[in-house]
Amino acid sequence: MYPILYKAWPLKKTPSTIDSTIVRRSANYHPTIWNYDYIQSLTSEYMEEAFTRKIDKLKGEVTMMFYKVVDPIKQLELIDIFQRLGVSYHFEDEIRRILEKKHNTHHSGDVCKKQSLYATTVEFRLLRQHGYDVPQETFKSFFNEEENFKECLCVDIEGKLALYEASFHLRDGESILEEARDFAIKHLKEYVDQSKDQYLCMMVSHALELPLHWRVIRLEARWFIDAYKNREDMNPTLLELAELDFNMVQAVHQEDLKEVSRWWRSTSLGDLSFARDRVVENFLWATGAIIQPQFAYERRMLAKLGALLTTIDDVYGTLEELELFTNAVERWDLNGMEQLPYYLHICFLSVYNTINEMAFDTLKEKGCNIISYMKKGWADICRSYLLEANWFHNRYTPSLQEYLEYDLETFTDELKRGDNPKSIQCYMNDTGASEEEACQYMRFLISATWKTINGECIASSPFSKTFNEITMNIARVSQFMYQHGDGHGVGDSETKDRVQALFIHPIPIAKN
């Protein structure tokens with residue numbers, strides 16, 4: 001039903017010489033810093049059965065913590081710590097039981113909770129994070145007569161930090177949470193400037209850099225495991241579980257990365273001189289979106305899709321060639337390759353084979369025929385790339401409304417290599433704004449988009465909890481990849497450190 005044609009074209013030809021006559025924009029991409037043999041050499045002792053037995057024992061011990069802790073705020077703190085350590089997926093039933101009870105009693109008028117900014121905000125954030133519809137009016141009990149937050153709250157640093165984190169779960173039109181964010185940021189910045197509490201100052205600075213709700217879960221777990229060691233109330237058993245679980249999941253991710261790397265090499269796409277060889281960075285994207293070890297297949301497929309999209313995005317041929325390529329994708333027919341140059345044969349066959357294989361796997365395992373949706377998706381994206389190419393060749397600067405897609409920090413690098421005007425430059429061209437003003441407007445749009453996402457990911461959503469989580473994770477990883485510049489196109493700075501932390505270096509654990 002879904003034919004797959006592997007290496008049907010003579011791959012002995014050299015792509016760099018075959019397409020050398022085509023005038024291209026200078027991409028200036030550096031070669032990949034990740035050697036194939038090095039990736040394939042990655043091994044981990046944490047795949048061994050002894051560690052599986054050990055973690056099962058630790059999980060049993062840690063599960064009892066949910067039943068021993070009876071104080072309501074301590075229960076919420078426990079859930080929060082489990083989430084930040086990256087081990088909450090082991091205890092979903094216990095967490096659901098506690099939060100369901102909290103939600104059912106949320107409107108009971110708990111006087112103690114209303115008097116504690118910290119307790120109120122932690123409960124609010126966790127309930128919203130798990131899809132419960134909790135009203136923003138919860139915070140009105142902390143208003144003064146002028147309906148502003150009471151100044152007496154300024155001394156409660158942990159409460160303000162919790163308020164700051166909770167405020168990022170706001171939805172459209174929630175002005176109370178907007179005010180809460182401004183109030184918290186103002187006082188937290190003042191605290192950092194004068195604080196002598198090293199641990200709390202570290203936590204506040206980390207939050208102000210990027211809120212917890214926007215952070216990539218896996219990378220945050222790696223950071224928080226180290227931070228948790230310095231807490232006065234650190235639980236050694238929980239810490240041991242978190243460290244061991246991180247290393248065991250890392251071992252699974254290593255195997256996924258090795259398989260994706262082998263696939264990438266088999267496509268020969270990395271030999272194309274004009275395209276980015278960023279298979280490791282694409283795997284970082286995929287792992288940021290799909291974390292849990294049981295979703296290995298989905299994670300691998302997402303990484304492959306990202307690698308294909310990156311390559312197609314880098315196809316800088318003539319307009320005629322791009323039109324032929326788009327037509328071939330729309331037809332989804334091998335005969336459509338006849339008029340394509342060699343390098344586009346490689347691109348088309350790689351897309352064709354990979355998508356057909358994914359569709360076959362889905363039909364076989366799930367009984368769903370998704371090929372028509374996949375074909376439409378690729379046709380749509382190719383038409384978008386073709387539109388971009390037309391803009392470039394016609395020296396046309398689109399309006400922001402026409403082209404509101406990618407970047408914030410990366411547009412300077414992209415313009416240096418002759419790329420299309422991006423969202424920031426489009427806004428500057430539309431409005432006459434400065435670069436700083438345009439960047440600020442993009443940040444406003446990012447915040448507005450998060451409000452929309454928050455509003456969609458509620459318990460009454462028609463989509464599954466897993467789907468909503470992955471959707472939100474894609475937003476998180478998209479933001480984090482460009483937090484310090486182009487983490488996708490320039491893979492040797494912050495991205496390198498992240499790859500090493502997540503996939504290469506396990507957390508050192510003392511041997512018993």
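Going by the UniProt record's numbering, the final residue of the sequence shown carries number 512, and the count climbs one at a time with no gaps.
Quick reminder that beta carbons are idealized off the backbone N, C-alpha and C, glycines included.
All values derive from a computational prediction rather than experimental measurement.
Exercise for the section: Please name the residue in K140, H169, S266, E255 whose C-alpha comes closest to that of Q129. Expected result: Here residue 129 refers to the residue found at position 129 when the sequence shown is read from its first residue. Measuring from the Cα of Q129, the nearest candidate turns out to be H169.
Problem - CA-to-CA distance, M65 to C152, given in whole angstroms - result: Locating residue 152 in the sequence shown gives position 152, where the first residue counts as 1. Locating residue 65 in the sequence shown gives position 65, where the first residue counts as 1. Distance between the alpha carbons of C152 and M65 is about 34 Å.
Exercise for the section: If I'm right that H106 touches C154 with Cβ under 8 Å, what's the distance once you round it to whole angstroms? Expected result: In the sequence shown, residue 106 corresponds to position 106, counting from 1. In the sequence shown, residue 154 corresponds to position 154, counting from 1. So it is not a contact: roughly 26 Å between Cβ atoms.
Problem - the segment 286–298 in contact with the segment 315–328 per 3-pair CB rule at 8 Å - result: no
Handout entry: Reference A180; option with closest CA among L78, Y46, L161
Key = What you label residue 180 is simply residue 180 of the sequence shown in a count that begins at 1. The residue among L78, Y46, L161 with its C-alpha nearest the C-alpha of A180 is L161.
Exercise for the section: Keeping to the same chain, check which residues put their C-beta closer than 6 Å to that of M358; ignore five residues upstream and five downstream. Expected result: As a first step, residue 358 is located in the sequence shown; it is residue number 358 there, counting from the start. Only M301 meet the Cβ criterion.
Exercise for the section: Use the C-beta contact count for L319: other C-beta atoms within 10 angstroms, 16 or more gives buried, fewer gives exposed. Expected result: As a first step, residue 319 must be located in the sequence shown, where it is residue number 319. Counting Cβ neighbours within 10 Å, L319 comes out exposed, since fewer than 16 surround it.
Handout entry: C-alpha gap between E137 and A166, whole angstroms
Key = Position 137 of the sequence shown holds residue 137. Position 166 of the sequence shown holds residue 166. So the alpha carbons of these two residues sit roughly 13 Å apart.
Practice task
Could you tell me the boundaries of the alpha helix (DSSP H) in which P236 lies?
Solution key: Counted from its first residue, the sequence shown places residue 236 at position 236. Where P236 is concerned, the enclosing alpha helix (DSSP H) stretches over 236–267.
Handout entry: Contact set for G60: own chain, Cβ-Cβ below 6 Å, skip 5 residues either direction
Key = The sequence position of residue 60 within the sequence shown is 60, counting from 1. For G60, where only same-chain residues beyond five positions count, there are no Cβ hits under 6 Å.
Practice task
Thinking D156 and Y118 are a contact (beta carbons under 8 Å), I'd like their distance in whole angstroms, please.
Solution key: Locating residue 156 in the sequence shown gives position 156, where the first residue counts as 1. Locating residue 118 in the sequence shown gives position 118, where the first residue counts as 1. About 7 Å; that satisfies the 8 Å criterion.
Handout entry: Where the alpha helix (DSSP H) containing N473 begins and where it ends
Key = Locating residue 473 in the sequence shown gives position 473, where the first residue counts as 1. Here the alpha helix (DSSP H) through N473 covers 465–481.
Handout entry: Beta-carbon contacts of P508 that lie in its chain and below 7 Å, excluding the five residues immediately before and after
Key = Mapped onto the sequence shown, residue 508 falls at position 508. Here the set comprises nothing.
Problem - Segment limits, alpha helix (DSSP H) that includes S175 - result: Here residue 175 is taken as the residue at index 175 of the sequence shown, counted from 1. Here the alpha helix (DSSP H) through S175 covers 175–194.
Problem - Where K102 falls, given that 16 or more other Cβ within 10 Å makes a residue buried - result: One-based indexing of the sequence shown puts residue 102 at position 102. By the neighbour-count rule (16 or more Cβ atoms within 10 Å), K102 is buried.
Handout entry: Segment contact flag, the segment 330–342 with the segment 384–400, C-beta cutoff 8 Å, min 3 pairs
Key = no
Practice task
Starting from the Cα of K74, find the closest Cα among D56, I95, I55, Y89 and give me that residue.
Solution key: As a first step, residue 74 must be located in the sequence shown, where it is residue number 74. Looking from the CA of K74, the closest CA among D56, I95, I55, Y89 belongs to I95.
Handout entry: Own chain partners of G86 with C-beta closer than 6 Å, once the 5 adjacent residues on each side are dropped
Key = Translated into the one-based positions of the sequence shown, residue 86 becomes position 86. Apart from sequence neighbours up to five positions away, the residues of its chain that approach G86 with a beta-carbon distance below 6 Å are A221, ordered along the chain.
Exercise for the section: Look at the alpha carbon of K465 and the alpha carbon of Y396, and state the distance between them as a whole number of angstroms. Expected result: Here residue 465 refers to the residue found at position 465 when the sequence shown is read from its first residue. Here residue 396 refers to the residue found at position 396 when the sequence shown is read from its first residue. So the two alpha carbons sit approximately 42 Å from each other.
Practice task
Starting from the C-beta of K189, find all residues in its chain whose C-beta is less than 8 Å away, skip the five residues before and the five after it, and write them out in chain order.
Solution key: As a working mapping, residue 189 is identified with position 189 in the sequence shown. Once the five neighbours on either side are set aside, the close Cβ partners of K189 are L208.
Problem - Supposed contact pair L284 and R476 - C-beta distance, whole angstroms, cut 8 Å - result: Residue mapping note: residue 476 aligns to position 476 of the sequence shown, counting from 1. Residue mapping note: residue 284 aligns to position 284 of the sequence shown, counting from 1. In this structure R476 is not in contact with L284, their Cβ atoms being roughly 12 Å apart against a cut-off of 8 Å.
Practice task
Using the Cα positions of T310 and T287, report the straight-line distance between them to the nearest angstrom.
Solution key: Counting from 1 along the sequence shown, the entry for residue 310 is found at position 310. Counting from 1 along the sequence shown, the entry for residue 287 is found at position 287. Roughly 17 Å between the two C-alpha positions.
Exercise for the section: Would you list the one or two residues that DSSP bridges to F325? Expected result: Residue 325 sits at position 325 when you count from the first residue of the sequence shown. Answer is none; F325 lacks a bridge partner.
Problem - Nearest-angstrom Cβ-Cβ length linking Y385 and I291, presumed shorter than 8 Å - result: The residue given as residue 385 occupies position 385 in the sequence shown. The residue given as residue 291 occupies position 291 in the sequence shown. Y385 to I291, Cβ: 29 Å. No contact.
Exercise for the section: Quick one: give me the first and last residue of the alpha helix (DSSP H) that E137 is part of. Expected result: The count along the sequence shown starts at 1 and reaches residue 137 at position 137. That residue, E137, is in no alpha helix (DSSP H); it is neither H nor E in DSSP.
Exercise for the section: Report buried or exposed for I356, applying the criterion of at least 16 other Cβ atoms within 10 angstroms of its Cβ. Expected result: On the sequence shown, residue 356 is found 356 positions in, with the first residue counted as 1. For the sequence presented, residue 356 should be read as Asn rather than Ile. Buried, by the Cβ-count rule.
Exercise for the section: For the segment 264–273 and the segment 237–245, state whether three or more C-beta atom pairs, one from each stretch, are separated by less than 8 Å. Expected result: Put simply, the segment 264–273 does not touch the segment 237–245. Fewer than three CB pairs are less than 8 Å apart.
Exercise for the section: Give a yes or no on whether the C-beta atoms belonging to E436 and A379 are separated by under 7 Å. Expected result: Start at 1 with the first residue of the sequence shown, and residue 436 comes out as number 436. Start at 1 with the first residue of the sequence shown, and residue 379 comes out as number 379. No.
Handout entry: Nearest to I185 (by Cα), restricted to the options D197, L210, A459, P135
Key = As a working note, residue 185 is residue 185 in the sequence shown. Residue L210 is the option with its Cα nearest to I185.
Problem - As assigned by DSSP and simplified to three states, the class of F392 - result: Here residue 392 refers to the residue found at position 392 when the sequence shown is read from its first residue. Looking at F392 - three-state DSSP - the assignment turns out to be helix.
Practice task
Might you give, ordered along the chain, the residues of its own chain that have their beta carbon closer than 6 Å to the beta carbon of N369, omitting 5 neighbours on each side?
Solution key: The residue you call residue 369 lines up with position 369 of the sequence shown. Once the five neighbours on either side are set aside, the close Cβ partners of N369 are L363.
Practice task
Using a threshold of 7 Å, state whether the C-beta atoms of Q254 and L42 are closer than that.
Solution key: Counting from one through the sequence shown, the residue named residue 254 turns up at place 254. Counting from one through the sequence shown, the residue named residue 42 turns up at place 42. Yes, Cβ-Cβ distance for Q254 and L42 is below 7 Å.
Practice task
For my contact list, V351 and L308 are in at a C-beta cut-off of 8 Å; report their separation, rounded to the angstrom.
Solution key: Residue numbering aside, residue 351 sits at position 351 when the sequence shown is read from its first letter. Residue numbering aside, residue 308 sits at position 308 when the sequence shown is read from its first letter. Their Cβ separation, rounded to whole angstroms, is 6 Å, which keeps V351 and L308 in contact under 8 Å.
Problem - Simplified DSSP state of T412, which is helix, strand or coil - result: For the purposes of this step, residue 412 is taken as residue 412 along the sequence shown, with counting starting at 1. Any answer about T412 is weak, because its pLDDT of 36 lies below 50 and its placement is not dependable; what the coordinates show is given next. Looking at T412 - three-state DSSP - the assignment turns out to be helix.
Practice task
Using a Cβ cut-off of 7 Å (strictly closer), state whether C426 contacts chain B.
Solution key: Any reference to chain B falls outside this structure, which holds one protein chain only.
Problem - Option nearest D256 by Cα separation, candidates K366, M47, I33 - result: Numbered from 1 along the sequence shown, position 256 holds the residue referred to as residue 256. Of the candidates K366, M47, I33, M47 places its Cα closest to the Cα of D256.
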